[in-house]
Amino acid sequence: MGIKLLAEHAPRAAVQRRVEDYRGRVIAIDASLSIYQFLVEDGVAEPAGRRDGRWILIQGGG
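Quick note: the sequence shown uses the UniProt record's numbering, first residue 1, plus one each step.
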């Protein structure tokens, strides 16, 4: 997961840009991992390693 070695193995695959370069464009950000980490830290979900992609919700968590 992630792009830790991307610059080393494919240096032209990632380019740093300024926020201003995206002015007037529609962009999408995949925040699913960040949201999941937040839910686990907050006690709403458990890191269960499920293969079906569903979360195990804690009864009354949050």
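In this text, a Cβ means the ideal position worked out from N, Cα and C, and glycines have one as well.
| Item | Value |
| --- | --- |
| Beta-carbon proximity check, residue 14 vs residue 5, cutoff 9 Å | no |
| Simplified DSSP state of residue 27, which is helix, strand or coil | coil |
| Unbroken alpha helix (DSSP H) run spanning residue 40, endpoints | 32-42 |
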